[in-house]
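Visitor: Structure provided below as structure tokens; questions to follow.
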Amino acid sequence: MVQDVVVNGEHHAVPEGSSVADLLQQLALKPEHVAVERNREIVPRAELGNTTLSPGDTLEIVTFVGGG
Amino acid sequence: MVQDVVVNGEHHAVPEGSSVADLLQQLALKPEHVAVERNREIVPRAELGNTTLSPGDTLEIVTFVGGG
Amino acid sequence: MVQDVVVNGEHHAVPEGSSVADLLQQLALKPEHVAVERNREIVPRAELGNTTLSPGDTLEIVTFVGGG
Amino acid sequence: MVQDVVVNGEHHAVPEGSSVADLLQQLALKPEHVAVERNREIVPRAELGNTTLSPGDTLEIVTFVGGG
Amino acid sequence: MTDTPTHTEPAPAEDTWTLAGRTLHSRLLVGTGKYKDAEETTAALAASGAEIVTVALRRVDLKAKDNLLSWIDRDAYTLLPNTAGCYSADEAVRTLRLARELGIADIVKLEVIGDPKTLLPDNEQTLRAAQQLIDDGFTVLPYVSDDPIVCRKLEDMGCAAVMPLAAPIGSGLGIRNPHNIRLIVEQSSIPVIVDAGVGTASDAAVAMELGCDGVLMNTAIAAAKLPMQMADAMKLGIEAGRKAFLAGRMPMRAHAHASSPTIGLIE
Amino acid sequence: MTDTPTHTEPAPAEDTWTLAGRTLHSRLLVGTGKYKDAEETTAALAASGAEIVTVALRRVDLKAKDNLLSWIDRDAYTLLPNTAGCYSADEAVRTLRLARELGIADIVKLEVIGDPKTLLPDNEQTLRAAQQLIDDGFTVLPYVSDDPIVCRKLEDMGCAAVMPLAAPIGSGLGIRNPHNIRLIVEQSSIPVIVDAGVGTASDAAVAMELGCDGVLMNTAIAAAKLPMQMADAMKLGIEAGRKAFLAGRMPMRAHAHASSPTIGLIE
Amino acid sequence: MTDTPTHTEPAPAEDTWTLAGRTLHSRLLVGTGKYKDAEETTAALAASGAEIVTVALRRVDLKAKDNLLSWIDRDAYTLLPNTAGCYSADEAVRTLRLARELGIADIVKLEVIGDPKTLLPDNEQTLRAAQQLIDDGFTVLPYVSDDPIVCRKLEDMGCAAVMPLAAPIGSGLGIRNPHNIRLIVEQSSIPVIVDAGVGTASDAAVAMELGCDGVLMNTAIAAAKLPMQMADAMKLGIEAGRKAFLAGRMPMRAHAHASSPTIGLIE
Amino acid sequence: MTDTPTHTEPAPAEDTWTLAGRTLHSRLLVGTGKYKDAEETTAALAASGAEIVTVALRRVDLKAKDNLLSWIDRDAYTLLPNTAGCYSADEAVRTLRLARELGIADIVKLEVIGDPKTLLPDNEQTLRAAQQLIDDGFTVLPYVSDDPIVCRKLEDMGCAAVMPLAAPIGSGLGIRNPHNIRLIVEQSSIPVIVDAGVGTASDAAVAMELGCDGVLMNTAIAAAKLPMQMADAMKLGIEAGRKAFLAGRMPMRAHAHASSPTIGLIE
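Chains as they are written, first to last, in my numbering: chain Z, 36 to 103; chain U, 36 to 103; chain V, 36 to 103; chain C, 36 to 103; chain R, 43 to 309; chain F, 43 to 309; chain D, 43 to 309; chain S, 43 to 309.
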């Protein structure tokens with residue numbers, strides 16, 4: 036069974052029971068290169084593994100880019 | 036009997052029972068040329084006559100001067 | 036018989052014996068509105084009538100125009 | 036016998052028969068550090084020795100100084 | 043004269059403007075401070091052609107012989123009370139409520155100073171005071187920095203005009219940042235009045251050429267050697283700048299362009 | 043009103059100036075080039091209030107219907123023939139001798155150009171031509187660089203005025219080097235007229251505030267969207283700058299200076 | 043050589059400065075935006091000699107091959123996260139908390155924009171955000187207007203520096219109001235860093251000659267035809283301006299002063 | 043890092059220039075006047091990195107202990123004799139003939155002054171002297187006004203460079219008329235060296251950004267509080283301005299342009 040979450044404004048299907056860490060792995064993102072907000076709450080890096088996603092969760096996954 | 040009030044930072048002796056209007060007259064000030072605050076409350080022009088001064092009242096009497 | 040003179044860089048045929056005044060009249064120019072050089076010599080206004088043109092004469096006829 | 040010459044605006048007494056080179060030596064000036072005008076004519080360095088001074092000669096002896 | 047008459051330039055319409063519902067003919071607003079006496083003030087005001095003049099609120103001087111309200115021509119001038127000397131929103135609001143009690147506060151100049159040395163405005167306090175005054179029913183003309191962001195907030199809040207500075211009060215340095223004044227003019231749908239810092243007539247003309255609606259000044263006139271004549275000069279400078287703005291100036295060129303014909307030269 | 047009347051500022055005397063023996067009321071001199079037609083020229087000249095207008099000398103156009111001399115008001119304006127388009131002293135002298143033959147050369151504008159792209163003056167040729175013209179009895183007003191040394195030579199030679207440029211002809215860049223214009227004004231005992239480069243009314247006002255006696259322009263008016271209105275703006279700008287110069291501007295201050303009393307504040 | 047040696051000028055001490063507890067040798071801070079690619083960015087950063095470089099926080103691009111953190115030299119540069127694109131205090135605070143979660147937020151550049159066209163700062167929101175961030179333990183470097191009053195409030199609040207703009211972001215207009223920058227430098231006891239608006243090397247030199255402690259720029263380098271060479275030029279310009287400031291420039295004179303002796307001339 | 047390496051910016055070639063046949067690495071030329079003593083002069087010259095230094099010709103001081111030629115390093119510096127103090131072509135020519143007799147006149151700085159107060163050049167006399175000197179075999183570097191017409195005449199005559207002023211000698215006012223300097227640079231095929239009037243490092247940088255080949259100065263260094271350090275600052279300022287000129291500055295924009303991405307913002 037899969038569930039739907041919103042990542043940076045786009046829908047993603049993730050296996051039920053997935054953690055945020057699982058999602059990052061699925062997206063091929065290194066945890067040390069990103070910060071994550073789940074439903075507008077920051078998910079501390081230490082909590083990525085044991086934060087289970089629920090259907091409809093909205094996530095912002097951000098990183099640094101060139102800027103002035 | 037006189038009582039002491041503070042007008043624009045200076046002590047003034049006024050007869051007991053004086054109104055603000057009486058004070059303006061004593062100071063030779065035209066009511067239409069000034070605005071009065073009594074203990075930081077504006078005294079409406081219409082109330083100048085029936086606003087009786089109490090000992091220790093602090094009054095600010097202001098007018099317009101040249102300015103930019 | 037006509038003869039050829041150059042006026043402001045262009046050839047003009049004028050009757051033999053014409054004066055500068057005759058030329059101006061032929062060109063419909065008011066003498067008081069122009070100054071004339073004949074072969075690089077100024078022709079004073081008073082002399083316009085009795086200055087006879089010779090074949091090949093070069094004339095500059097100038098006036099005032101708008102300028103800054 | 037001495038004779039009087041003007042050096043840079045001031046009178047100097049030099050032995051009769053002195054050359055410009057003699058004068059420079061008397062003034063403790065190195066020939067290679069100066070240029071000399073005698074009566075407004077430049078005295079070439081090569082000629083300093085055999086240019087004999089005459090009474091009343093006017094000399095300008097110049098060198099380089101700091102400037103912008 | 044050519045036979046076929048060309049289309050001629052129309053005579054300019056009368057150039058009035060509207061400030062807080064008032065139709066004004068003069069674009070010069072002047073202060074009443076720093077003059078030798080009432081007589082000099084009166085003469086300078088008359089020469090300036092101003093319709094709106096600023097005044098300050100102060101404690102009555104019990105020794106003063108006369109009072110500004112006893113000699114200033116209330117029919118000729120709309121008095122614009124200011125809050126000069128106020129360093130907080132509360133002081134400014136308190137001052138203008140007293141002005142209103144004096145019956146002279148149809149329009150008010152809000153001025154909250156942030157520093158005694160530069161007399162530059164404290165825009166944060168100015169925004170706060172402007173909101174309180176508007177809620178309290180005042181018609182507010184705020185003195186502010188040449189800051190387009192603050193000016194737009196004041197416009198959105200409901201101010202009747204914005205009055206960005208040219209330079210610090212009394213400095214006479216002229217318009218230090220024309221770029222910002224232009225940005226403010228571009229974005230504003232309420233009048234823009236340059237207030238403070240103008241030093242001479244050409245400064246006032248520049249303000250109008252930038253598209254401002256008016257200029258408010260005091261020291262440039264009062265501190266001139268001949269105040270009356272400078273008031274007249276400022277009046278003319280503002281008219282000149284305004285007319286030039288409406289006439290549409292020539293474009294600037296890096297190189298030259300002949301003003302006399304380049305053909306028909308003698309050879 | 044105070045009881046004891048104070049010493050009041052005297053009304054300014056009529057501000058006329060003298061150029062080559064003429065007493066003039068207007069300090070604005072204008073060109074007649076670049077206008078759409080005679081009608082527009084006439085209207086702009088009238089609006090400018092100028093008393094002296096420049097004209098150029100060119101070969102007659104045999105096709106032209108009218109002639110400038112047939113429509114320009116010789117009673118209203120003194121015509122000032124220029125030597126626009128001349129690149130040598132000889133051409134300039136030849137041109138002005140023709141102007142004199144036309145009976146219009148009481149005063150002449152000497153202009154010897156050094157480069158067709160910048161139209162900047164060739165001061166060396168200008169000095170040579172000025173000497174020839176003065177020897178020949180002309181009253182010479184030379185257009186020159188903003189070069190104090192050249193200006194003094196022209197004054198010593200006997201020119202009736204010096205006319206340093208603000209910027210290249212037709213550029214509208216305004217006064218590029220006010221420092222030089224000020225040096226020229228300081229040293230001159232003949233009129234200093236800024237000629238060429240002015241773009242808008244405030245530029246003209248600045249020239250007068252620097253102490254110049256007049257300003258000569260053409261493109262700034264003729265190339266404005268509304269020439270008549272710009273002519274009026276320039277007239278006002280020059281009056282404003284002149285009056286400000288005479289009134290004596292306030293000193294500039296690095297910091298601020300309050301225009302409202304700093305005492306008597308409420309507490 | 044004179045016999046008695048004169049007192050010679052001491053060699054200048056190493057010119058370091060302190061920002062938020064860091065001892066820095068470079069006074070040039072640079073952005074990492076607008077470059078063609080990582081390679082060009084790396085080369086420009088190296089040429090600039092910068093020790094602190096700004097970065098922006100954005101949603102991860104799931105298609106991107108590389109990530110700035112994978113190629114930027116964290117040992118060579120301290121990353122300074124900015125809040126570019128934030129239009130409110132809340133957005134700015136939220137953005138920097140995410141940066142902190144990323145482990146890169148020892149010092150932060152606070153930037154709250156008030157208008158998309160001018161990108162000018164909203165100083166009111168900036169003050170609010172600065173207070174929240176300081177309360178939250180951040181070390182804040184705020185980008186602000188050239189407004190001395192706002193700068194003093196930010197200093198009093200506990201910001202580690204103030205970063206007034208020279209001109210709008212990416213405009214390259216240089217220092218529009220040197221007078222304000224000077225006032226800010228005079229009053230500040232924390233570093234003053236000019237941020238945004240610099241266009242070329244002389245602009246950077248001017249900022250340092252005004253007494254600023256540093257300059258932050260991005261577009262002036264990234265948008266130059268040759269970014270690496272411009273980065274080097276900016277590095278030199280800042281050193282030149284700083285050294286000139288420390289050397290104490292000559293006074294300006296209205297007139298001239300001979301640099302060669304005026305005596306001993308030949309006659 | 044992207045897989046396909048991008049075209050990287052080539053390292054700049056060594057930036058030398060040629061003046062009168064000499065290949066030079068430094069674009070800063072300095073004077074030797076106004077220093078405390080030989081020691082300070084020597085130190086400042088060294089710090090400046092100059093390869094060409096100006097000297098003046100004067101009557102020998104019979105009381106002087108030393109002579110400039112006895113301590114200046116002739117191997118390190120090419121001496122450039124000037125004609126400071128000359129007010130006519132004849133004096134200038136006479137002076138340089140004496141310099142040649144001293145064996146130091148491979149290249150000469152021609153300077154004919156027109157006025158003792160402004161020390162501005164007499165361009166007419168300068169043109170005359172330049173012709174005589176060129177006929178006499180000299181290699182002439184003339185100091186002139188920022189007058190493109192005079193500069194072209196000097197180039198056509200065969201001068202090795204033109205040296206227009208930034209501002210009056212010793213004024214430190216910086217480049218008063220960048221527009222003219224730009225016109226001179228555009229038209230010249232010989233080196234353009236800004237000579238006189240520079241006051242601080244950013245002024246020197248601006249001259250180079252305008253495209254000049256070099257800058258000659260004296261007072262700006264000698265009259266600084268710390269001449270050695272200012273000499274170093276000037277050296278850096280000229281390198282900065284030159285590199286910025288070669289790098290190609292960003293265009294100026296009336297409005298802003300974001301330096302951080304405007305997409306990918308969190309929502």
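C-beta atoms are modelled at their ideal positions from N, C-alpha and C, and glycine is treated no differently.
On a predicted model such as this, the values are computed, not experimentally measured, just so you know.
Kindly confirm or deny that the stretch 119-135 of chain R and the stretch 166-184 of chain R touch, where touching means at least three C-beta pairs closer than 8 Å.
Guide: These segments touch.
Visitor: Can you find a C-beta in chain U that's less than 7 Å from the C-beta of A266 (chain R)?
Guide: No - not a single Cβ of chain U is within 7 Å of the one on A266 (chain R).
Visitor: Please state whether DSSP places H46 (chain U) in a helix, a strand or coil.
Guide: Looking at H46 (chain U) - three-state DSSP - the assignment turns out to be strand.
Visitor: Is it a yes or a no for the stretch 66-86 of chain V touching the stretch 136-149 of chain R, going by three-plus beta-carbon pairs under 8 Å?
Guide: As far as the Cβ criterion goes, the stretch 66-86 of chain V does not touch the stretch 136-149 of chain R, which means the pair count is below three.
Visitor: So, is the C-beta of N43 (chain Z) closer than 7 Å to a C-beta in chain D?
Guide: Closer than 7 Å: yes.
Visitor: Strictly below 8 Å CB to CB, what residues from chain F border L307 (chain R)?
Guide: R100, R101, G127, listed in chain order.
Visitor: Verify the CB distance criterion: does S301 (chain S) have a CB-CB separation below 7 Å to chain B?
Guide: No chain B is present in this structure, whose protein chains are Z, U, V, C, R, F, D and S.
Visitor: Tell me W59 (chain S)'s beta-bridge partners as DSSP assigns them.
Guide: Its beta-bridge partners are S:L66.
Visitor: Roughly how many angstroms lie between the CA atoms of A99 (chain F) and A147 (chain F), to the nearest whole one?
Guide: In the sequence as displayed, the identity of residue 99 (chain F) is Leu instead of Ala. About 11 Å.
Visitor: Going by DSSP, what residue range makes up the beta strand (DSSP E) through G256 (chain F)?
Guide: First-last of the beta strand (DSSP E) with G256 (chain F): 256-259.
Visitor: Please check if any C-beta of chain C sits within less than 7 Å of the C-beta of T44 (chain D).
Guide: No answer about T44 (chain D) holds up, because its pLDDT of 36 lies below 50 and its placement is not dependable.
Visitor: Roughly how many whole angstroms lie between the Cα atoms of D237 (chain S) and T98 (chain V)?
Guide: Approximately 46 Å, taken between the alpha carbons.
Visitor: What is the DSSP secondary structure of P190 (chain R), counted as helix, strand or coil?
Guide: DSSP places P190 (chain R) in helix when its eight states are reduced to three.
Visitor: Between T48 (chain F) and chain R, is any beta-carbon pair separated by less than 7 Å?
Guide: Unreliable positioning characterises T48 (chain F) in this predicted model, as indicated by a pLDDT of 45, which lies under 50. The coordinate reading is nonetheless provided below. Yes, T48 (chain F) counts as interfacial toward chain R.
Visitor: To the nearest angstrom, how far is the alpha carbon of G127 (chain D) from that of G102 (chain Z)?
Guide: Roughly 10 Å between the two C-alpha positions.
Visitor: Can you name the residues of chain C whose CB is closer than 8 Å to the CB of T261 (chain S)?
Guide: Within 8 Å Cβ-Cβ: G103.
Visitor: Provide the residue span of the beta strand (DSSP E) that contains R101 (chain D), from first to last.
Guide: Element bounds for R101 (chain D): 94-101.
Visitor: What residues from the stretch 70-85 of chain C come within 9 Å of chain S, judged by C-beta to C-beta, listed N to C?
Guide: Cβ contacts with chain S come from A70, V71, E72, R75, I77, V78, P79, R80.
Visitor: Looking at chain R, is there any beta carbon in it that lies within less than 7 Å of the beta carbon of L138 (chain F)?
Guide: L138 (chain F) does not count as touching chain R.
Visitor: Quick check: what's the CA-CA separation for K267 (chain R) versus D255 (chain F)?
Guide: Roughly 20 Å separates the two Cα atoms.
Visitor: Identify every run of the alpha helix (DSSP H) within the stretch 235-287 of chain F, keeping only runs that are complete inside it and at least 4 residues long; order them along the chain.
Guide: 243-251, 261-264, all fully within the stretch 235-287 of chain F.
Visitor: Can you give the Cα-Cα distance for V102 (chain R) and I232 (chain D), rounded to whole angstroms?
Guide: Using only the alpha carbons, I get a separation of about 43 Å.
Visitor: Counting only the same chain and skipping the five closest in sequence on each side, list residues whose C-beta sits under 6 Å from that of T65 (chain F).
Guide: Hits under 6 Å: T58.
Visitor: Please classify N165 (chain F): does DSSP put it in a helix, a strand, or coil?
Guide: It is helical.
Visitor: By the criterion of Cβ-Cβ separation under 9 Å, what are the contact partners of Y77 (chain R) in chain U?
Guide: In chain order: G101.
Visitor: For V41 (chain V), name the three-state secondary structure that DSSP assigns.
Guide: Three-state result, V41 (chain V): strand.
Visitor: Mind checking who K151 (chain S) pairs with in its DSSP beta bridge?
Guide: For K151 (chain S), which the question treats as bridged, DSSP gives the partners S:N124, S:L183.
Visitor: Indicate whether D57 (chain Z) and A48 (chain Z) have their beta-carbon atoms separated by less than 7 Å.
Guide: Taking 7 Å as the Cβ cut-off, D57 (chain Z) and A48 (chain Z) do not qualify as a contacting pair.
Visitor: Quick one: is N124 (chain F) near chain V, going by C-beta distance under 7 Å?
Guide: So, interface residue.
Visitor: Of the residues S:A289, S:Q173, S:G63, S:R69, which one's Cα is nearest the Cα of A243 (chain D)?
Guide: The option with the nearest alpha carbon to A243 (chain D) is S:A289.
Visitor: In angstroms, rounded to a whole number, what distance separates the CA positions of L175 (chain R) and M199 (chain R)?
Guide: For L175 (chain R) and M199 (chain R), the distance between alpha carbons rounds to 11 Å.
Visitor: Could you pull the DSSP bridge partners for S230 (chain R) from this structure?
Guide: Looking at the DSSP assignment, S230 (chain R) forms no beta bridge with any residue, so it has no partner.
Visitor: Can the beta-carbon of L161 (chain S) be found less than 7 Å from the beta-carbon of P206 (chain S)?
Guide: Not closer than 7 Å, so no.
Visitor: Do you know how far the Cα of V227 (chain R) is from the Cα of P303 (chain F)?
Guide: In a straight line, the C-alpha of P303 (chain F) is about 31 Å away from that of V227 (chain R).
Visitor: Does the beta-carbon of P90 (chain Z) have 16 or more other beta-carbons within 10 angstroms, so that it is buried, or is it exposed?
Guide: By the neighbour-count rule (16 or more Cβ atoms within 10 Å), P90 (chain Z) is not buried but exposed.
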